[in-house]
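Student: Mind looking over this structure? Questions follow.
Number of protein chains: 2
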Amino acid sequence: MNADRRTQAERSAATRQALITAGRRLFGELGYAEVSTVAITHAAGVSRGAMYHQFTDKRDLFEAVVEDVEHDLVGRISSAVSKSGFTDPIDNLVVGCLAWLDASTEPEVQRIALLDAPAVLGWDRWREIELRHTIGRLEASLSAAAKAGRIRTQPIRPLALVIVGALDEAALYIARFGRTPEEERNVRSVIEQLISGLATEA
Amino acid sequence: MNADRRTQAERSAATRQALITAGRRLFGELGYAEVSTVAITHAAGVSRGAMYHQFTDKRDLFEAVVEDVEHDLVGRISSAVSKSGFTDPIDNLVVGCLAWLDASTEPEVQRIALLDAPAVLGWDRWREIELRHTIGRLEASLSAAAKAGRIRTQPIRPLALVIVGALDEAALYIARFGRTPEEERNVRSVIEQLISGLATEA
DNA sequence: AAAAAAACAGGCAGTCTGTATGTATCCTTT
DNA sequence: AAAGGATACATACAGACTGCCTGTTTTTTT
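Chains as they are written, first to last, in the UniProt record's numbering: chain C, 1 to 202; chain L, 1 to 202.
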């Protein structure tokens with residue numbers, strides 16, 4: 001009966017993936033505190049013991065979920081930027097930010113990455129993760145724009161964080177009150193104005 | 001033995017205040033999830049039964065704590081603005097924002113108002129509270145500046161939220177990495193640039 | 001003063017997390 | 001290929017915590 005004979009690495013990867021997928025769905029739907037480990041493991045078709053073998057605790061699983069979400073976000077932003085075909089640094093910056101804004105409008109992303117992650121993981125850990133993904137990308141774009149002399153030179157890191165804060169808040173607002181095209185346009189215009197405000201004046 | 005004979009309203013107010021004070025200290029120090037109701041009631045010198053009589057649940061007590069923090073914040077911001085003695089709308093805007101930034105640097109404010117509140121209360125409730133306090137003040141300042149023609153006219157609400165997002169993120173950054181005067185200057189310059197970017201060009 | 005209402009105290013039930021102990025599956029070494 | 005070891009997993013358990021329930025004290029009303 002070795003039909004399901006698998007290597008250890010495959011077994012681990014399978015259960016980890018099942019847990020991350022189930023966790024992502026449930027955390028995104030109900031929030032971290034409202035989802036029990038038994039609910040996750042049940043949804044993943046895995047025992048609680050398996051979960052505690054793969055992850056040190058519930059928080060650790062949540063962290064893996066956050067990484068998963070961030071990974072997807074970077075992919076979506078990158079593809080939006082490359083699809084746009086722009087070469088100008090400022091254009092890329094705007095396209096990237098709007099793609100971020102768009103993705104961050106989804107309930108799952110909001111609940112996990114914007115609301116729960118800071119509280120559950122703490123600001124330091126949370127920012128460390130985002131730096132390796134989305135914010136890292138943003139910093140790169142900003143550096144490129146600065147190097148090209150298209151934005152006023154200034155410290156990149158705080159600038160990037162401030163932009164992120166503005167974008168996240170805008171996304172949360174859109175998700176609640178920006179369902180009308182007009183409201184959404186309003187928010188976008190605010191963001192564009194903010195970014196263009198960084199550009200060096202002609 | 002009616003030395004401590006008090007009216008019902010006084011009794012309620014006393015226990016509510018004791019719980020809010022103790023809760024604020026503990027929540028601010030350890031975070032919402034790490035503080036048990038028994039820890040709070042013990043610190044407040046009150047039974048758990050009393051707490052559940054005054055508040056519907058732990059979340060409700062936390063909400064009262066958030067209101068308390070917000071109330072203080074508005075007071076501090078207002079006093080900073082009035083002390084500055086400026087009359088120009090833009091000046092007041094900048095002073096107010098920097099006062100906000102300053103206050104939001106404290107660990108207690110960060111943990112309660114910036115990290116836990118959104119996750120525990122949910123974005124809608126959280127923003128509703130802030131609208132009645134700090135953000136409400138900011139919107140008033142922005143409206144005044146817009147009316148005086150000192151900033152480009154644009155929808156106030158999303159603009160205010162975006163500024164708040166930027167400020168909060170800046171405060172969190174300062175608290176971690178901005179302990180050197182130079183870093184702090186960097187962040188402030190980013191914020192000032194952001195706000196001045198809103199001003200109508202001369 | 002009696003009755004009603006409000007504030008409070010302590011205990012109980014249900015749930016949840018993390019751990020510990022035992023088992024199955026896979027890998028390595030000889 | 002068999003034994004020994006390591007890794008992945010399963011289940012039971014202990015401790016903690018939240019919200020409720022019942023009963024008691026204190027204040028207010030009649």
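All C-beta atoms, glycine included, are put in the ideal place defined by N, C-alpha and C.
CA-CA distance, C/A103 and L/P118?
Tutor: 19 Å
Student: Quick check on C/D57: buried or exposed, where buried means 16 or more other Cβ atoms within 10 Å of its Cβ?
Tutor: exposed
Student: Is there a C-beta anywhere in chain C that falls below 7 Å from the one on L/D88?
Tutor: no
Student: What does a CB cutoff of less than 7 Å around L/E184 pick up in its chain, not counting 5 residues either side in sequence?
Tutor: I174, G178
Student: Where does C/L194 land, buried or exposed, given buried means 16+ other C-beta within 10 angstroms?
Tutor: Classification for C/L194: buried.
Student: Quick one: residues in its chain with C-beta nearer than 6 Å to the C-beta of C/W100, no 5 flanking neighbours on either side, listed in chain order?
Tutor: I77, L167
Student: Express the C-alpha separation of L/L98 and L/R188 in angstroms, rounding to a whole number.
Tutor: 8 Å
Student: Can you grab the Cα-Cα spacing for the pair L/R5 / L/T37, in whole Å?
Tutor: Answer to the nearest angstrom: the Cα atoms are 27 Å apart.
Student: Check the C-beta distance from L/A170 over to C/P158 and give it rounded, since I have them as a contact under 8 Å.
Tutor: 7 Å
Student: I want to see whether chain L comes within less than 7 Å of C/G165, judged by CB atoms only; does it?
Tutor: yes
Student: Please state whether the Cβ-Cβ distance between C/L142 and C/I156 is less than 7 Å.
Tutor: yes
Student: Determine the closest residue to L/R127 out of C/R176, C/A146, C/E192, C/R59, with distance taken between C-alpha atoms.
Tutor: Nearest C-alpha to L/R127: C/R176.
Student: Which residues in the same chain as L/I191 place their Cβ atom closer than 8 Å to its Cβ, once the five residues preceding and following it in sequence are excluded?
Tutor: C97, L98, L101, A166, L167, A170.
Student: In the DSSP output, what is L/A199 paired with across the bridge?
Tutor: Partner(s): L/I151.
Student: Which term fits C/Q8, buried or exposed, when burial requires 16 or more other beta carbons within 10 angstroms of its beta carbon?
Tutor: exposed
Student: Mind checking the segment 145–169 of chain C against chain L and listing, in chain order, the residues whose C-beta falls within less than 9 Å of any C-beta there?
Tutor: Answer in chain order: R152, Q154, P155, R157, P158, L159, L161, V162, I163, V164, G165, A166, L167, D168, E169.
Student: Which complete alpha helix (DSSP H) runs does the segment 117–150 of chain L hold, if anything under 4 residues is left out?
Tutor: Note on the segment 117–150 of chain L: whole alpha helix (DSSP H) runs with a minimum of 4 residues are 117–121, 123–132, 134–147, in chain order.
Student: Whole-angstrom Cβ separation of L/V74 and L/T134, contact assumed at under 8 Å?
Tutor: 6 Å
Student: Could you pull out every residue in the same chain whose Cβ sits closer than 7 Å to the Cβ of C/V46, ignoring the five residues on either side in sequence?
Tutor: T15, A18, L19
Student: Which residues of chain L have a Cβ atom closer than 7 Å to the Cβ of C/Y173, listed in chain order?
Tutor: P158, L161
Student: Mind checking if C/A119 is an interface residue toward chain L, Cβ cutoff 7 Å exclusive?
Tutor: yes
Student: Please check if any C-beta of chain C sits within less than 7 Å of the C-beta of L/G96.
Tutor: no
Student: Could you tell me the distance, in whole angstroms, from the CA atom of C/R111 to the CA atom of C/E70?
Tutor: 13 Å
Student: Residues in its own chain within less than 7 Å of C/V94 by CB, not counting five upstream and five downstream?
Tutor: E192, I195
Student: Nearest to C/F62 by alpha carbon, out of C/L131, C/I151, C/G122?
Tutor: C/G122
Student: Which residues bound the alpha helix (DSSP H) around L/F27?
Tutor: 8–30
Student: Please decide whether L/L115 counts as near chain C, where near means a Cβ-Cβ distance under 7 Å.
Tutor: yes
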